Amino acid sequence: MEIHFLFPRLDEFLLIEEILRNDDILLDVLDIEGNHQYQLINYHLHESKKFSCLLDRNIVTDLVSLIRGKQVPEDSSGKSLRIVAGLQAFLNAAEILSEPSIAYHEYMDTADLVTADTELALFRSADNLNANIFLDIALGLRTSVPQDAVPHFSSGELKNKNIPEKLKYFERNIITIKKALIIKASGVSDYEVMLQLTDWLFDKYMFTSPAFFFLCIYLSHGRIRGMLKSHNLKDIRNATWDLCFLQEWNSLSKQNSQARWLVATRDRAIKEVARLMFIHSESEIHYLKQLESVFGKMWGAKNNHGRDLLERIRQFRLRMDDSQRGIVGADSTYLLQLDREIDAEYNALANMR
Numbered sequence: 102m103e104i105h106f107l108f109p110r111l112d113e114f115l116l117i118e119e120i121l122r123n124d125d126i127l128l129d130v131l132d133i134e135g136n137h138q139y140q141l142i143n144y145h146l147h148e149s150k151k152f153s154c155l156l157d158r159n160i161v162t163d164l165v166s167l168i169r170g171k172q173v174p175e176d177s178s179g180k181s182l183r184i185v186a187g188l189q190a191f192l193n194a195a196e197i198l199s200e201p202s203i204a205y206h207e208y209m210d211t212a213d214l215v216t217a218d219t220e221l222a223l224f225r226s227a228d229n230l231n232a233n234i235f236l237d238i239a240l241g242l243r244t245s246v247p248q249d250a251v252p253h254f255s256s257g258e259l260k261n262k263n264i265p266e267k268l269k270y271f272e273r274n275i276i277t278i279k280k281a282l283i284i285k286a287s288g289v290s291d292y293e294v295m296l297q298l299t300d301w302l303f304d305k306y307m308f309t310s311p312a313f314f315f316l317c318i319y320l321s322h323g324r325i326r327g328m329l330k331s332h333n334l335k336d337i338r339n340a341t342w343d344l345c346f347l348q349e350w351n352s353l354s355k356q357n358s359q360a361r362w363l364v365a366t367r368d369r370a371i372k373e374v375a376r377l378m379f380i381h382s383e384s385e386i387h388y389l390k391q392l393e394s395v396f397g398k399m400w401g402a403k404n405n406h407g408r409d410l411l412e413r414i415r416q417f418r419l420r421m422d423d424s425q426r427g428i429v430g431a432d433s434t435y436l437l438q439l440d441r442e443i444d445a446e447y448n449a450l451a452n453m454r
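According to our numbering, the residues represented by the sequence shown are 102 to 454, in order.
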């Protein structure tokens with residue numbers, strides 16, 4: 102059956118689809134390797150489905166800069182901003198709700214609540230701006246957002262919320278990373294770090310997918326440049342916020358079967374961790390076989406390193422509720438004490454550097 106799809110400036114949006122696809126900026130949790138998310142027509146063929154997109158901090162920052170009237174250079178230095186403008190034009194045209202979510206918890210880690218709240222109001226303006234304006238910027242037809250076209254949103258969204266001082270996502274991920282760095286400081290091989298970390302997570306803590314797969318990449322032959330710039334606390338915290346972004350995506354995707362969540366990021370490390378977290382599989386066995394293949398490439402198939410690590414993960418999944426695990430039946434006091442112990446060990450190492 103031939104489908105006729107009429108949409109204003111369709112030819113130009115087809116160019117945007119290609120730009121976004123080439124940049125690999127959008128991921129779909131239900132089809133992590135797919136490309137269907139770059140086709141505008143797909144969202145209009147499924148109008149009964151609610152689509153939302155979680156944006157990472159860098160994209161949110163660029164959108165706020167654009168909505169404030171920042172001039173986009175016409176040369177190659179403006180490429181990043183044009184891609185972000187194209188992304189938002191696409192999301193607005195497809196009526197996909199953009200959400201910054203964890204980005205503003207991250208922002209408040211380095212800025213005050215009032216500033217973060219003001220930025221969020223500006224982001225809401227960007228999310229509701231006429232898609233044609235962002236489309237013009239993406240295609241180089243204009244270099245800035247006209248300020249008289251910006252819809253106004255009042256600040257107060259964050260100030261009126263009860264925001265916890267510490268997010269559980271953040272604590273779980275940063276403790277896992279710190280523990281791995283503590284093990285690494287003992288002088289064992291990177292692969293042995295992963296084995297010992299997996300044992301410790303089973304015995305004492307919990308399996309946190311973003312941090313675990315982040316470390317798999319970081320400690321393997323496939324390490325991505327800049328994914329953890331140093332072992333200083335500032336850089337660890339920056340990496341941890343990226344992992345919280347992925348954990349938030351996972352959580353949102355599971356909350357409502359009627360909602361379909363995408364993520365938008367240009368960060369290669371985030372994308373590669375996501376592809377490990379959400380490997381498409383038809384069954385548990387299929388999922389583990391795919392992980393075995395990935396681990397084999399990371400650690401070496403000939404020496405069975407990938408298989409040995411996978412076996413530890415498989416046993417972990419089978420014995421998740423084992424009463425021998427320290428965390429099973431434990432209360433918040435147990436977690437607080439464990440967090441303090443890891444922090445103390447990490448701080449002792451930091452003081453030695």
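Glycine included, every Cβ here is placed at the ideal spot set by N, Cα and C. All figures in this text were calculated on a predicted structure; none of them were measured in a lab.
Residue i - partner residues in DSSP beta bridges
{"i": "Leu296", "result": "Paired residues: none, contrary to the question."}
{"i": "Lys151", "result": "Ala360"}
{"i": "Ala365", "result": "Leu127, Leu156"}
Collapsed DSSP secondary structure at residue i in the structure displayed
{"i": "Asp129", "result": "strand"}
{"i": "Glu103", "result": "Low local confidence applies: a pLDDT of 41 at Glu103 is under 50, so the model's placement there is unreliable, with the coordinate-based value given in what follows. Three-state result, Glu103: coil."}
{"i": "Glu266", "result": "Any reading at Glu266 needs caution, since the residue's pLDDT is 46, under 50, leaving its predicted position unreliable; the model's value is listed next. In this structure, Glu266 counts as coil in the three-state DSSP scheme."}
{"i": "Leu199", "result": "The displayed chain sequence assigns Ser, not Leu, to residue 199. In the structure shown, Ser199 sits in a strand (DSSP, three-state: E or B)."}
{"i": "Leu221", "result": "helix"}
{"i": "Arg122", "result": "helix"}
{"i": "His253", "result": "coil"}
{"i": "Gln140", "result": "coil"}
{"i": "Ile184", "result": "helix"}
{"i": "Asp432", "result": "coil"}
{"i": "Pro109", "result": "coil"}
{"i": "His406", "result": "helix"}
{"i": "Asp444", "result": "helix"}
{"i": "Glu412", "result": "helix"}
{"i": "Ser166", "result": "helix"}
{"i": "Asp423", "result": "coil"}
{"i": "Ile117", "result": "helix"}
{"i": "Leu392", "result": "helix"}
{"i": "Arg338", "result": "helix"}
{"i": "Lys330", "result": "coil"}
{"i": "Arg454", "result": "coil"}
{"i": "Thr244", "result": "coil"}
{"i": "His206", "result": "helix"}
{"i": "Val289", "result": "coil"}
Residue i CB to nearest heavy atom of the ligand GTP below 7 Å
{"i": "Ser166", "result": "Ligands in the displayed structure: none, and consequently the ligand GTP is not present."}
Check whether residue i and residue j have beta carbons under 8 Å apart
{"i": "Gln138", "j": "Leu363", "result": "yes"}
{"i": "Ile283", "j": "Glu148", "result": "no"}
{"i": "Met378", "j": "Phe314", "result": "yes"}
{"i": "Ala365", "j": "Leu116", "result": "no"}
{"i": "Ala86", "j": "Ala250", "result": "Since the first and last residues shown for the chain are 102 and 454, residue 86 lies out of range."}
{"i": "Leu410", "j": "Thr309", "result": "no"}
{"i": "Gln348", "j": "Pro311", "result": "yes"}
{"i": "Leu316", "j": "Ile278", "result": "yes"}
{"i": "Met328", "j": "Ile318", "result": "yes"}
{"i": "Arg408", "j": "Glu385", "result": "no"}
{"i": "Leu198", "j": "Ala186", "result": "no"}
{"i": "Arg361", "j": "Ile133", "result": "no"}
{"i": "Asp124", "j": "Arg367", "result": "yes"}
{"i": "Asp304", "j": "Gly427", "result": "yes"}
{"i": "Arg413", "j": "Leu296", "result": "yes"}
{"i": "Ala195", "j": "Leu146", "result": "no"}
{"i": "Asp163", "j": "Ser181", "result": "yes"}
{"i": "Val289", "j": "Ala281", "result": "no"}
{"i": "Thr244", "j": "Gln172", "result": "yes"}
{"i": "Gly170", "j": "Val246", "result": "yes"}
Chain-order list of residues whose beta-carbon lies under 7 Å from that of residue i (same chain, five-residue window excluded)
{"i": "Glu207", "result": "Arg158, Trp342"}
{"i": "Asn136", "result": "Arg122"}
{"i": "Val161", "result": "Pro201, Ala204, Phe224"}
{"i": "Asp422", "result": "Val429"}
{"i": "His381", "result": "Asp132, Ile133, Glu134"}
{"i": "His322", "result": "Met399"}
Contacting residues, own chain, Cβ-Cβ under 8 Å from residue i (five flanking each side not counted)
{"i": "Phe254", "result": "Ala222, Leu223, Arg225, Ser226, Asn229"}
{"i": "Lys267", "result": "Legend: pLDDT at Lys267 = 48, less than 50; position of this residue unreliable, value from coordinates given subsequently. Excluding sequence neighbours, Lys267 sits near nothing in its chain."}
{"i": "Glu113", "result": "Leu236, Leu240"}
{"i": "Asp440", "result": "Glu272, Ile276"}
{"i": "Val395", "result": "Leu377, Ile380, Gly407"}
{"i": "Asn333", "result": "Ala451"}
{"i": "Ser424", "result": "Gly430"}
Cβ shell of residue i (< 6 Å), same chain only, five flanking positions each side left out
{"i": "Leu450", "result": "Ala286"}
{"i": "Ser256", "result": "Asp218, Thr219, Ala222"}
{"i": "Ile120", "result": "Gly187"}
(message) I'd like to know if the region 138-154 and the region 212-230 are in contact, where contact means that at least 3 CB-CB pairs between them fall below 8 Å.
(response) no
(request) State whether the region 339-352 contacts the region 434-442, with contact taken as three or more CB pairs (one from each stretch) at a distance under 8 Å. (result) no
(request) Assess, as a yes-or-no matter, whether the region 232-247 is touched by the region 272-283 under the definition of 3 or more beta carbon pairs within less than 8 Å. (result) no
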